[in-house]
Structures are given as structure tokens and as C-alpha cells.
Amino acid sequence: DVLMTQTPVSLPVSLGGQVSISCRSSQSLVHSDGNTYLHWYLQKPGQSPQLLIYRVSNRFSGVPDRFSGSGSGTDFTLKISRVEPEDLGVYYCLQSTHFPNTFGAGTKLELK
Amino acid sequence: EVQLVETGGGLVQPGNSLKLSCATSGFTFSTAWMNWIRQTPGKRLEWLAQIEDKSNNYFISYLESVKGRFTISRDDSKSSVYLQMNNLKEEDTAIYYCTFNYPGIQFAYWGQGTLVTVSS
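Here the protein sequences come in this chain order: P and V. Just add 14 to the spot in the first sequence (first one is 1) and you have the working numbering. Just add 626 to the spot in the second sequence (first one is 1) and you have the working numbering.
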């Protein structure tokens, strides 16, 4: 299975600040169809995960433009600018290029 | 509004069975590819099973470690998906979520989850 490694595990942030979360895969996530199936989710405290970014850099419906995704191959980044209180929680990356789908272990965004 | 509501969780002894249900609304269920995902007590997320739609002959895929114990099914007339879990083990203790895919968009929406605890 493809191993997804997220760093850091914990990320202290000040409100209004900017942070980046890294996600690295053990194999290239470029699918034979040319797409890269790397997605980002946020799980707020006490809630289910919610989709933020799909296929590396596409914001899902209703996701503010403070969230941006980038990367290629095996190396991906989620950037959050102007962090707001509702952005706090655990961020997960997911690859669905290779079977089975596999998630990263999560990065906890918390206040300094 | 998209809604997914999981039910059927609870406390069960090792070796016993449980069937989870997920009732949905707010999207075209009959063409959706439905999935079950679980979150362990350590917060790790693990994809378990997917069932495709009628046009894909309801093709089913499973995580290898649950194949033979878990069975995913769907009832398009009820906009519902199910997960039959047999021979449960303590390591199956988790919150179980149902989700679905839009084309090219994985796990677009999630239910609130149902807790399964396997313990003697």
C-alpha cells in the first residue's frame, strides 16, 4: 500500500498567520489517466472529516480561497493563510491513485 | 442539502456480527459510488469498502484486511448503503463513516459516523 507521510504532526499557529502542511507519498501519485488523486480533508473537533481540496489544487464547494494546495509526483503541500478559529482541527491527506485509498496520519493545527 | 446518516453501531462481543446502515438524501444516490471508512481510537482513517453504481454492475472492492468478514451492499430504492460485519475483532473498534464520490472527487461528503465497540 502507498504510505502517506504528513509533517508536522502538530502545528501551532497564531490567528491571522500562515502555515503549510506537507504530505509525501511512497510512490508517485500520477495516475495512468494523467490526473493526480491527492486530496485534503479537515476534521474539526467533534465533527466528521470534510473535503477541502481535491486533485491537488481544486477547492471544494464553499471552501475559502485562504486554502490552497500544490505539489506533484510524491510531494504535496496545503497552505492556509490568514488562519481563522474555524480552521483549527486535524488535517489529513488522502491518495486515491493507487488501490487501496490511503490516508496520512494527520496534522493537528492548534493555537499557540 | 446532502445528508448521510449512519446507524447500527454499538457494543458487541468479539466474534459477533453487526450491520451498519447509511441513509442518504440530497444527491442522486443511484449513480453514486458509496464507501465505508473507519476512524480508529488513535484517529487513524482507514478506507474499508466501495460499491459502484448499476452502470458499473455494482462492482465492489474491499480493503484486504476486511475481505471475507465485511460485506458492503446498497438499496437504490431506499438510497441506502450497508456494511455487514462478521467475526468482529477488538481492532474493529472505531467510528464508521459512510461517504460517496463525485466523479474525480473522492469522499466528497461524510456522515456523522456510528461508533462500533468490540469488547468482551
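For each residue, glycine too, the CB sits at the ideal point set by N, CA and C. In this text, all values refer to a predicted model and were calculated from it rather than measured experimentally.
Three or more beta-carbon pairs separated by less than 8 Å are not found between the segment 696-711 of chain V and the segment 108-125 of chain P, which leaves the two stretches without contact. The DSSP-derived three-state label of V/V631 is strand. Counting along the chain, P/P22 sits inside no beta strand (DSSP E), nor does DSSP assign it H or E at all. Between the C-alpha atoms of V/T743 and P/E98 there is a straight-line separation of about 35 Å. Exclusion of the five residues before and after V/A734 leaves Y728 as the residues of its chain whose Cβ lies within less than 6 Å of its Cβ. Three or more Cβ pairs closer than 8 Å define a contact, and the segment 659-673 of chain V meets that threshold against the segment 113-125 of chain P. Inter-segment contact for the segment 707-714 of chain V and the segment 629-647 of chain V is present: three or more beta-carbon pairs are separated by less than 8 Å.
At a cut-off of 9 Å, the C-beta of V/L689 has a neighbouring C-beta in chain P. Separation of the CB atoms of P/V70 and P/G48 is rounded to 12 Å, and the pair is thereby denied contact status at 8 Å. Against P/P78, chain V offers no close residue; the least beta-carbon distance is about 17 Å (beta-carbon pairs closer than 9 Å). One thing to note: P/T116 has its Cβ no nearer than 9 Å to the Cβ of P/S36. Chain-ordered, the chain P residues with CB closer than 9 Å to the CB of V/A734 read L65, Y68, F74, S75. The Cβ-Cβ distance between V/E678 and V/Y684 falls below 9 Å. Scanning its chain for C-beta atoms nearer than 7 Å, with the 5 sequence neighbours on each side dropped, one finds around P/H45 the residues Y51, T111, in chain order. For P/H45, DSSP records no beta bridge to any residue.
In the structure shown, P/D89 falls within a strand segment according to DSSP collapsed to helix, strand and coil.
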